[in-house]
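A.B. asks: Our numbering numbers the first residue of the sequence shown as 51 and each following residue consecutively.
Every residue gets a Cβ at the ideal spot worked out from N, C-alpha and C, and that includes glycine.
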Amino acid sequence: MLANAARRLGQTLTRSLLPMEALAVGALQQQAAVTSGPAGAVYNVGKATNIKFHDGMVPRETKEQLLGQKGVVLWFTGLSGSGKSTVACTLEHALAARGKMTVLLDGDNVRHGLNKNLGFSAEDREENIRRIGEVSKLFAESGVITLTSFISPYRKDRESVRARMAPGDFLECYMRIPIEVCEQRDPKGLYKAARAGKIKNFTGIDDPYEEPLSPELVVDAKDEAGNMQSAEDMAATIMQYLEARGYLGAPAAEASDSEAATA
Ligand SMILES: Nc1ncnc2c1ncn2[C@@H]1O[C@H](COP(=O)(O)OP(=O)(O)O)[C@@H](O)[C@H]1O
Ligand SMILES: [Mg+2]
Numbered sequence: 051m052l053a054n055a056a057r058r059l060g061q062t063l064t065r066s067l068l069p070m071e072a073l074a075v076g077a078l079q080q081q082a083a084v085t086s087g088p089a090g091a092v093y094n095v096g097k098a099t100n101i102k103f104h105d106g107m108v109p110r111e112t113k114e115q116l117l118g119q120k121g122v123v124l125w126f127t128g129l130s131g132s133g134k135s136t137v138a139c140t141l142e143h144a145l146a147a148r149g150k151m152t153v154l155l156d157g158d159n160v161r162h163g164l165n166k167n168l169g170f171s172a173e174d175r176e177e178n179i180r181r182i183g184e185v186s187k188l189f190a191e192s193g194v195i196t197l198t199s200f201i202s203p204y205r206k207d208r209e210s211v212r213a214r215m216a217p218g219d220f221l222e223c224y225m226r227i228p229i230e231v232c233e234q235r236d237p238k239g240l241y242k243a244a245r246a247g248k249i250k251n252f253t254g255i256d257d258p259y260e261e262p263l264s265p266e267l268v269v270d271a272k273d274e275a276g277n278m279q280s281a282e283d284m285a286a287t288i289m290q291y292l293e294a295r296g297y298l299g300a301p302a303a304e305a306s307d308s309e310a311a312t313a
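#1: State the DSSP-derived secondary structure class of GLU382, mapped to helix, strand or coil.
#2: Do ASP156 and ligand 2 come close, with the Cβ less than 7 Å from some heavy atom?
#3: Using C-beta distances below 6 Å, list every residue in its chain close to ILE101, excluding the 5 sequence neighbours before and after it, in chain order.
#4: Should SER186 be listed as close to ligand 1, given that the test is whether its C-beta is under 7 Å from any heavy atom?
#5: Please state whether the Cβ-Cβ distance between CYS223 and ILE288 is less than 8 Å.
#6: Within a Cβ cutoff of 8 Å, which residues of the same chain sit near GLY149, ignoring the five residues on either side of it in sequence?
#7: With a Cβ-Cβ cutoff of 8 Å, do PHE126 and LYS134 count as a contact?
#8: According to DSSP, which residues form a beta bridge with LYS272?
#9: Heavy atom of ligand 1 less than 7 Å from the Cβ of GLY131, yes or no?
#10: Among ILE227, ILE255, ARG226 and PRO228, which one has its Cα closest to the Cα of LEU240?
#11: Can you tell me where the alpha helix (DSSP H) with GLU222 in it begins and where it stops?
#12: Answer yes or no: the CB of THR253 versus the heavy atoms of ligand 1, is any distance below 7 Å?
#13: Under 8 Å: do the region 180-198 and the region 138-153 share three or more Cβ pairs, one atom per stretch?
#14: By DSSP, does TYR291 sit in helix, in strand, or in coil?
#15: Measure the beta-carbon distance from VAL123 to LEU188 and round it to whole angstroms, keeping in mind my assumption that it falls under 8 Å.
#16: Less than 8 Å between the beta carbons of PRO203 and TYR291, yes or no?
#17: Please return the same chain residues whose Cβ sits closer than 7 Å to the Cβ of ILE182, not counting the five positions on each side in sequence.
#18: Does DSSP put VAL108 in a helix, in a strand, or in coil?
#19: Buried or exposed: THR112, going by 16 or more other Cβ atoms within 10 Å of its Cβ?
#20: Determine, using beta carbons only, whether GLU114 and ALA300 come nearer to each other than 8 Å.
#21: What do you reckon, is the C-beta of SER135 under 7 Å from a heavy atom of ligand 2?
#22: To the nearest angstrom, how far is the alpha carbon of ALA302 from that of GLU177?
#23: Label THR136 either buried or exposed according to how many other C-beta atoms from any shown protein chain fall within 10 Å of its C-beta, with 16 as the threshold for buried.
#24: May I ask which residues mark the beginning and end of the alpha helix (DSSP H) holding ALA158?
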């Protein structure tokens, strides 16, 4: 038993790069100028110099085994008032009730802290999404089911986040709610203010919303029978999607001790 534990530890320490790590290092190398340093290859990344990608942390799969789930980013996008926060929150509670570990990053909350130095210009919106994307990626790679609710109106910004992640790690969930419905809800009075010219660059009014071209999930206001869907209905549909694709279970374990003993 002890010998097996030691063997597994040895395997962990001597293993080659996992696909995610290889991807991360590969992406880093593409963006970075490689120079040499005392501890091997070091990189200049953006404004940072002498950066070395630290290898050998506890593997993602180990964390996913601990959590009994797979890390993923569920990226809600849609107009203001389309229900991103409501559905993400409803889904997060449903996941918690099933014993799943989640993080929910929500637009206004993140603008209180991490992104409080950003406004709503195209440039600031891009940086807002880039930071959220990087934070989400860190969570997903630690096995956490990460829900994000940001308008994220520009296709290019969402695709940049997707491109930084491994296939299957980024699920775009488009809240395809007509602007008339969103405007009628208008819980914060934002549409009214935007129509009155009191808010500039408001998505859907005087700033564009670029629909996803091939989102993994599309949520419509009405179901197939034409009935309005509640937030619970919408969350249940997304839960089914996660379940069907194996995100709610741990990754297949490596050969167990008993299997190894008979091999
Ligand atoms: N499926 C739904 N059916 C009816 N009303 C909804 C639904 N989802 C959200 N709402 C309501 O719409 C309003 C805006 O929702 P919110 O989640 O804040 O949107 P967003 O985060 O996209 O701006 C809220 O008042 C919320 O209660
Ligand atoms: Mg919201």
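C.D. replies: Considering the structure as presented:
#1: Look at the range of the chain in this structure, 51 to 313, and you will see that residue 382 is not part of it.
#2: Position 106 of the sequence shown, counted from the first residue, corresponds to residue 156. Yes - ligand 2 has a heavy atom lying nearer than 7 Å to the Cβ of ASP156.
#3: Within the sequence shown, numbered from 1, the residue matching residue 101 stands at position 51. Contacts found: TYR93 and VAL95.
#4: Counting from 1 along the sequence shown, the entry for residue 186 is found at position 136. No, the Cβ of SER186 stays beyond 7 Å of every heavy atom of ligand 1.
#5: Numbered from 1 along the sequence shown, position 173 holds the residue referred to as residue 223. Numbered from 1 along the sequence shown, position 238 holds the residue referred to as residue 288. With respect to the 8 Å criterion, CYS223 and ILE288 are classified as neighbours on the basis of their beta carbons.
#6: Translated into positions along the sequence shown, residue 149 becomes position 99. Excluding residues within five positions, the ones whose Cβ falls inside 8 Å are GLY118.
#7: Start at 1 with the first residue of the sequence shown, and residue 126 comes out as number 76. Start at 1 with the first residue of the sequence shown, and residue 134 comes out as number 84. Yes, the Cβ-Cβ distance between PHE126 and LYS134 is below 8 Å.
#8: As a first step, residue 272 must be located in the sequence shown, where it is residue number 222. LYS272 pairs with MET278.
#9: Within the sequence shown, residue 131 is the residue found at index 81, counting from 1. For ligand 1, at least one heavy atom lies less than 7 Å from the Cβ of GLY131.
#10: By 1-based counting over the sequence shown, the position of residue 240 is 190. Looking at the Cα atoms, ILE255 is the closest of the given residues.
#11: Working through the sequence shown from its first residue, we reach residue 222 at position 172. Here GLU222 belongs to no alpha helix (DSSP H); instead the beta strand (DSSP E) covers 220-226.
#12: Here the question's residue 253 lines up with position 203 in the sequence shown. Outside the cutoff, so no.
#13: yes
#14: The residue given as residue 291 occupies position 241 in the sequence shown. TYR291: helix per DSSP, three-state reduction.
#15: Taking the first residue of the sequence shown as position 1, residue 123 is located at position 73. Taking the first residue of the sequence shown as position 1, residue 188 is located at position 138. Not a contact, Cβ separation roughly 10 Å.
#16: The count along the sequence shown starts at 1 and reaches residue 203 at position 153. The count along the sequence shown starts at 1 and reaches residue 291 at position 241. No. Outside cutoff.
#17: Translated into the one-based positions of the sequence shown, residue 182 becomes position 132. Once the five neighbours on either side are set aside, the close Cβ partners of ILE182 are LEU155, VAL160, THR198 and PHE200.
#18: Numbered from 1 along the sequence shown, position 58 holds the residue referred to as residue 108. Of the three classes helix, strand and coil, the one that applies to VAL108 here is coil, per DSSP.
#19: Here residue 112 refers to the residue found at position 62 when the sequence shown is read from its first residue. Classification for THR112: exposed.
#20: Here residue 114 corresponds to residue number 64 of the sequence shown, with the count starting at 1. Here residue 300 corresponds to residue number 250 of the sequence shown, with the count starting at 1. A contact, by the Cβ cut-off of 8 Å.
#21: For the purposes of this step, residue 135 is identified with residue 85 of the sequence shown, where counting begins at 1. Indeed, a heavy atom of ligand 2 lies less than 7 Å from the Cβ.
#22: Stepping through the sequence shown from its first residue, residue 302 is reached at position 252. Stepping through the sequence shown from its first residue, residue 177 is reached at position 127. One C-alpha to the other measures close to 36 Å.
#23: Position 86 of the sequence shown, counted from the start, is the residue given in the question as residue 136. Classified as buried, THR136 has 16 or more neighbouring CB atoms from the shown chains inside 10 Å of its CB.
#24: The residue given as residue 158 occupies position 108 in the sequence shown. For the sequence presented, residue 158 should be read as Asp rather than Ala. Start and end: 157-162.
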